[in-house]
Each structure stands twice: as structure tokens, then as C-alpha cells.
Ligand code: 0L1
Ligand code: MG
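In the working numbering, the protein residues as written are 14 to 270.
In C-alpha cells, the structure reads:
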């Protein structure tokens, strides 16, 4: 199996770069393991670094019960963020750069002190420098946004872009904030940050454990996207997306061609 990992990685990298659909890897490789999938993810982030992108942090995925049930798992997954994925808050998203992009509201942390391995919620919070409202653009490269768990992990957990709003003090309570995502002024998703594993800090604890298992650490300056707080919205050209987070403020962008 391992001899094929770089071939499978190249397929997904090509799909992401050219915004074209890929076939699920498990269709041709039903024995693909979670370990193989993270190895493919790493190979493709290494390709991005070789093209000049810089690492800026991590994203956590499948952090709500609804999404875990959708994929039939009980463990969160993670992916890697690069500077090329960070989008200008208030700007225009080029939808043509994506296969079938969706947006979801998230909470972002910026890390102040290294964090890795088994940590408590208090230790995780002590490592936080600031918190911010955020939105993630997820774009599964697979046809019809359908995938198995190894497929989505290999595809960098659908990571493709993110917006971050104004940073607030690290001791800001983000455990249960009301969130409203609007499209052209109409509310399309309403939820709470508590949908992220009951409290987004649990996602940060998971991030430290899971990246630590891969021999990595959350480092000062890293951004961690804690996970979706509501269902994702499929984007269409002409939409103005604005998400209002209780206490933290709003984040917005417009969808262009
Ligand atoms: O950020 C997420 O929770 C997405 C993880 C992958 C599943 C999906 O693309 O919906
Ligand atoms: Mg997400």
C-alpha cells in the first residue's frame, strides 16, 4: 500500500489545484487506513510548502455530533493550514478556485505557548494568546462532497480557506456564544459555539493530543480553527455572507465568480 501513497496524494493535490472533482480513494484502495490517510495529507502539505506556502496552524473537523453522525465516527479529525488558505476578511471569494465550496462558522484560537500531547482544558487555555470569530471554507475534492473517513483525512479534512475576525483577549468566554450566519441579510444558520464538542476548548485539547501523536506541536503564532458550530452552507456567486458571533463581533465576505 505505502508505495502508492504518493500517487494518491498527487491525485488529490491536482484536484485541489485545478478545482476538479476526484474519485474517492477507497473506491480503488478499500484497504486505505487512517494512518495512510494522514500520511497522504502530510505529503500534500509538504508539496504546498515546496511551492512556497507557509504553515500557519491547524483545523479541527467533525467536531459536532451532527457531523460525526454524518460520517459515522466518534473521533475528531484534523488538517493543516497554510498562509495561502487565509482569506481577506470583508473581501471577495473567487468561487471558481474551488470544486464546490461551503462555509461554516468557527472559533479561532491563536497560540501563545507551545502545546502538545495530553493536556487539560486549563493547560490549553493557558497556552492561548487570543480568540476570534472565524469562518472556514471547506471544499471536499470528492464528487458530490461524499467521502469515507480515510478519504476526508487524506484530503486535508476538506480544508481550503478561512477568514478570521478581530482578536479578543484570551480569557474571553467562548464556551456558549450565540452565532447567526446570514446570506444576503437573511439568517440561514443559527447555533452556538457549544456545538463544538460542548465547548471549543475541548477541540483545542484534542488538537494538542492529535498533532502531538503525529510528532507535531501547536506553536506560538499558530491559528487553530476549533470546528464548525452549525451546518455548512453551500456557496453561490453573488452571496454576501456575514456571521455574527455574540461578544466577538462579525466576519463577512462576498462570493464572486
Ligand atoms: O471542518 C469540518 O468539520 C469538515 C471536516 C470534513 C467533513 C466535511 O467536509 O464536511
Ligand atoms: Mg470546519
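Heads up, the beta-carbon is just placed ideally off N, CA and C, and yes, glycines get one too.
This one's a predicted model, so the numbers in the text were calculated from it and none came from an experiment.
By a C-beta neighbour count over all protein chains shown, 10 Å radius and 16 as the cutoff for buried, is residue 234 buried or exposed?
The residue is exposed, with fewer than 16 neighbouring Cβ atoms inside 10 Å.
Any chance the CB of residue 117 is under 6 Å from a heavy atom of the ligand MG?
For the ligand MG, at least one heavy atom lies less than 6 Å from the Cβ of residue 117.
Limits of the unbroken alpha helix (DSSP H) element including residue 51
Looking at the DSSP string, the run of the alpha helix (DSSP H) that includes residue 51 is 47-63.
Collapsed DSSP secondary structure at residue 108 in the structure displayed:
In this structure, DSSP gives residue 108 a helical state, which the three-state scheme calls helix.
Take the Cβ of residue 58 as the centre, count every other Cβ of all protein chains shown within 10 Å, and call the residue buried at 16 or more, exposed below.
Flag for residue 58 reads buried.
How far does the alpha helix (DSSP H) with residue 216 in it extend, from its first residue to its last?
Residue 216 -> alpha helix (DSSP H) spans 213-226.
Grab the span of the beta strand (DSSP E) containing residue 116 for me, first residue to last.
Where residue 116 is concerned, the enclosing beta strand (DSSP E) stretches over 115-124.
Beta carbon of residue 134 nearer than 7 Å to that of residue 238
No, the pair does not count as a contact, with Cβ atoms beyond the cut-off.
Taking 6 Å as the cut-off, is the beta-carbon of residue 75 closer than that to any non-hydrogen atom of the ligand 0L1?
The answer is yes for residue 75.
Reducing DSSP to helix, strand and coil, say where residue 263 ends up.
In the structure shown, residue 263 adopts extended strand secondary structure according to DSSP, grouped into three states.
Tell me, to the nearest whole angstrom, how far the beta carbon of residue 150 is from that of residue 170; I am working on the premise that it is less than 8 Å.
Not really, about 13 Å apart at Cβ, beyond 8 Å.
Taking the CB atoms as reference points, tell me whether residue 230 and residue 212 lie closer together than 7 Å.
No, the pair does not count as a contact, with Cβ atoms beyond the cut-off.
If you run the structure through DSSP and keep just helix, strand and coil, what is residue 83?
Helix, per DSSP.
Which residue from 117, 123 and 167 puts its Cα closest to that of residue 257?
Nearest C-alpha to residue 257: 117.
Pairwise C-alpha distance: residue 259 and residue 206
C-alpha separation (whole angstroms): 10 Å.
Sorry if obvious, but does the Cβ on residue 228 come closer than 6 Å to a heavy atom of the ligand 0L1?
Every heavy atom of the ligand 0L1 is 6 Å or more from the Cβ of residue 228, so no.
Cut-off 8 Å between Cβ atoms - residues of its own chain near residue 185, not counting five sequence neighbours on either side
Once the five neighbours on either side are set aside, the close Cβ partners of residue 185 are 144, 260 and 261.
Residue 241: CB within 6 Å of a non-hydrogen atom of the ligand MG:
Yes, the beta carbon of residue 241 sits closer than 6 Å to at least one heavy atom of the ligand MG.
Specify the secondary structure class of residue 160 as computed by DSSP and reduced to three states.
It is coil, neither helix nor strand.
Quick check on this structure: which residue in 23, 214, 65 and 79 has the alpha carbon closest to the alpha carbon of residue 56?
It is 23.
Inter-residue CB distance, residue 156 and residue 36 (contact presumed, cutoff 8 Å):
Indeed they touch by this definition, with Cβ atoms about 7 Å apart.
Among 32, 53 and 222, which has the Cα closest to the Cα of residue 164?
Out of 32, 53 and 222, 53 has the C-alpha closest to the C-alpha of residue 164.
Of all the options 27, 31, 19 and 63, which has the alpha carbon lying nearest to the alpha carbon of residue 45?
Residue 45 has its Cα closest to that of 19, out of 27, 31, 19 and 63.
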